[in-house]
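Colleague: Quick note, the sequences are listed as chains A and B, same order.
Number 109 marks the last residue of the first sequence (our numbering); no jumps.
Number 225 marks the last residue of the second sequence (our numbering); no jumps.
For every residue, glycine included, the Cβ atom is placed at its ideal position computed from N, Cα and C.
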Amino acid sequence: DAKTTQPTSMDCAEGRAANLPCNHSTISGNEYVYWYRQIHSQGPQYIIHGLKNNETNEMASLIITEDRKSSTLILPHATLRDTAVYYCIVRVNWGKFQFGAGTQVVVTP
Amino acid sequence: DTGVSQNPRHKITKRGQNVTFRCDPISEHNRLYWYRQTLGQGPEFLTYFQNEAQLEKSRLLSDRFSAERPKGSFSTLEIQRTEQGDSAMYLCASSPSAAGGLREQYFGPGTRLTVT
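Right, dumping it as structure tokens:
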């Protein structure tokens, strides 16, 4: 599975959009981009995934560049409850996830 | 609540003791995964079941570790002769299989193991 690179941490003001970048320059054609988050002392929570088209659900939007070498997770209106570690993962459509260290997002009032 | 459940939530044990954790996946999810997470790191894959068959094991899963899923429903993870380095959060996840295999994994709350 391709390796991903994410910033270690970022801050976001409550009510503003949070844009979380992820680089996956070695992604292959059959690998999907997944985003999970982990609130302190809880198990990871699925957010969204995509292959090459942009995706949106009730939690977030996923923007994947045309060359698929990077993506951005957008939380449209961050709340204090969005404070968590966010993981960007690429994988083929089966099996295990390989998590990196993720981005610690802190939403401030 | 019909999510993934794990028991116990916390376990403190002395070095050298054996421990066993249980995971109950979401009903009818035929794939079950075990991960380990140490402080400040993302979860690391340990092993994976499709129904009762254990299909993949990580190199992290030493011979002191054994996982079972005897009836394709709940799973157990046993650690024999625990070491202090085994202290971690042990996470279980499940997913349904689907055409093409593309489904997200649903994680349980984890079992935090402390080896003293």
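#1: So, with DSSP's three-state summary, where would you put A/Q11?
#2: Mind the definition here: the segment 56-64 of chain A touches the segment 114-122 of chain B only if three or more C-beta pairs lie below 8 Å; say whether that holds.
#3: Quick check: B/S206 and B/L222, are their CB atoms within less than 8 Å of each other?
#4: With three or more beta-carbon pairs closer than 8 Å as the criterion, would you say the segment 180-190 of chain B touches the segment 9-22 of chain A?
#5: Within 8 Å of any Cβ in chain E, is that where the Cβ of B/F174 sits?
#6: Under 8 Å, with one C-beta from each stretch per pair, do the segment 98-108 of chain A and the segment 73-86 of chain A reach the 3-pair mark?
#7: Relative to the C-alpha of B/T225, which residue among B/N116, B/V128, B/Q115 and B/T111 is closest?
#8: Given A/I48, which residues of its chain have a CB within under 6 Å of its CB, disregarding the five upstream and five downstream residues?
#9: Please state whether DSSP places A/G100 in a helix, a strand or coil.
#10: Indicate the three-state DSSP secondary structure (helix, strand or coil) for A/L80 in the structure shown.
#11: Which same chain residues, not among the five before or five after A/K52, have their C-beta less than 7 Å away from its C-beta?
#12: Leaving out five residues on either side along the sequence, give the residues of the same chain with a beta carbon under 6 Å from the beta carbon of A/V92.
#13: Under 8 Å between the Cβ atoms of B/R131 and B/S203?
#14: From the DSSP output, in three-state form, read off B/Q150 for me.
#15: Among residues of its own chain, excluding the 5 on either side of B/N116, which ones have a beta-carbon nearer than 6 Å to its beta-carbon?
Modeller: To lay it out plainly:
#1: A quick correction: the sequence has Asp, not Gln, at residue 11 of chain A. Strand, per DSSP.
#2: no
#3: no
#4: no
#5: Here chain E cannot be found, since the structure's protein chains are A and B.
#6: yes
#7: B/V128
#8: W35, E55, N57, A60 and L62
#9: coil
#10: helix
#11: I64 and R68
#12: N30 and E31
#13: no
#14: coil
#15: R131
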